[in-house]
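Adding 1 to a residue's 1-based position in the sequence shown gives its number in our numbering. Backbone N, C-alpha and C fix where the C-beta goes; we use that ideal spot for every residue, glycine too.
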Amino acid sequence: MSPASILPHVSPRDYLLGERDGAQRHEYLNGELVAMAGGSRAHNLLATRVARLLGNHLEGGPCRVFQSDMKVQIAAANRFYYPDVMVCCGPLEAEPDLYYETAPRLIVEVLSPRTAAADDGEKRINYQTLGSLDEYLLLDPDTGEGTLYRRGEAFWTRIRLDRNDALELGSIGLRGTMAWLLGGG
């Protein structure tokens with residue numbers, strides 16, 4: 002039996018340089034790299050739909066919508082993630098780099114069996130350290146259910162949503178239904 006391989010610690014700077022030209026995307030977890038796997042058809046269709054609907058809603062305003070290729074930095078946890086959809090509304094000149102954002106207002110993750118626990122666990126906890134983040138929405142493409150985390154004055158509120166529920170994203174002034182957001186309704 003051979004000894005376990007110890008992977009070297011990667012600095013944030015080296016990570017960012019490698020991600021610019023790398024063929025494989027990775028999330029950065031305090032010096033460790035985690036390769037990103039491809040998503041299912043349902044996952045990709047829902048993420049694309051959400052990004053398009055949010056982009057149409059925000060057209061002409063100060064906010065930017067990103068889908069899966071833009072990283073977000075979580076400085077407090079020394080992490081970089083690739084959210085499925087992210088809305089940022091701060092001035093571009095306030096961002097320190099062209100390849101990641103630091104102040105999202107809304108993050109949307111489309112769940113898969115492989116990522117659901119991390120999306121509603123470690124990632125949620127780390128995302129909630131961002132002072133700019135007002136809402137975090139998790140969507141399940143298989144069940145049509147969602148979970149919306151909304152920042153309050155003293156704590157975060159968790160709202161369970163099913164396909165027939167109204168959806169209000171106060172962070173970007175959007176009102177609709179889950180069925181509209183998910184498609185087919």
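Residue burial classification, residue i (beta-carbon count within 10 angstroms, cutoff 16)
| i | result |
| --- | --- |
| MET179 | buried |
| GLN1 | The displayed coordinates of the chain run from 2 to 186. Any statement about residue 1 would go beyond what the structure contains. |
| SER12 | exposed |
| ASP22 | exposed |
| ASP98 | exposed |
| GLY147 | buried |
| PRO145 | Looking at the sequence provided, one finds Gly at residue 145 rather than Pro. Under this definition GLY145 is a buried residue. |
| VAL66 | buried |
| LEU18 | exposed |
| VAL111 | buried |
| LEU93 | exposed |
| PRO114 | exposed |
Enclosing alpha helix (DSSP H) for residue i [first to last residue]
| i | result |
| --- | --- |
| THR49 | 42–59 |
| ARG201 | The structure shown does not extend to residue 201, since the chain is modelled only from 2 through 186, so no value can be given for it. |
| ARG21 | 13–22 |
For residue i, the nearest candidate out of the options (CA to CA)
| i | options | result |
| --- | --- | --- |
| THR1 | LEU47, ASN79, ALA36 | The chain is shown only over 2 to 186; residue 1 falls outside these bounds and no answer can be derived. |
| MET87 | GLU94, ILE75, ARG106 | ARG106 |
| VAL73 | LEU54, ASN57, GLU60, VAL109 | VAL109 |
| LEU175 | CYS89, THR158, LEU46, LEU59 | LEU59 |
| ILE160 | LEU47, TYR150, GLU154, LEU99 | TYR150 |
| PRO9 | LEU18, GLU28, GLU33 | GLU33 |
| LEU168 | TYR100, LEU55, GLY132, ALA118 | LEU55 |
| LEU162 | PRO84, PRO114, ALA155, LEU183 | LEU183 |
| TRP157 | TYR128, GLU96, HIS27 | TYR128 |
| ASP121 | ASN31, LEU131, LEU140, ASP135 | LEU140 |
Residue(s) in a DSSP beta bridge with residue i
| i | result |
| --- | --- |
| GLY30 | In the sequence as presented, Gly is not what sits at residue 30; that position holds Leu. Paired residue(s): GLU33, ARG80. |
| TRP157 | ARG152 |
| GLN25 | Answer by DSSP bridge pairing: none, since GLN25 is not bridged. |
Endpoints, beta strand (DSSP E) assigned at residue i
| i | result |
| --- | --- |
| ARG176 | 175–178 |
| GLU169 | 167–170 |
| ARG164 | Element bounds for ARG164: n/a, residue is neither H nor E. |
For the segment 84–152, which segments carrying the beta strand (DSSP E) assignment without a break, of at least 3 residues, lie completely within its bounds, in sequence order? With a minimum length of 3 residues, the continuous beta strand (DSSP E) runs that stay inside the segment 84–152 are 86–89, 105–111, 136–140, 147–152.
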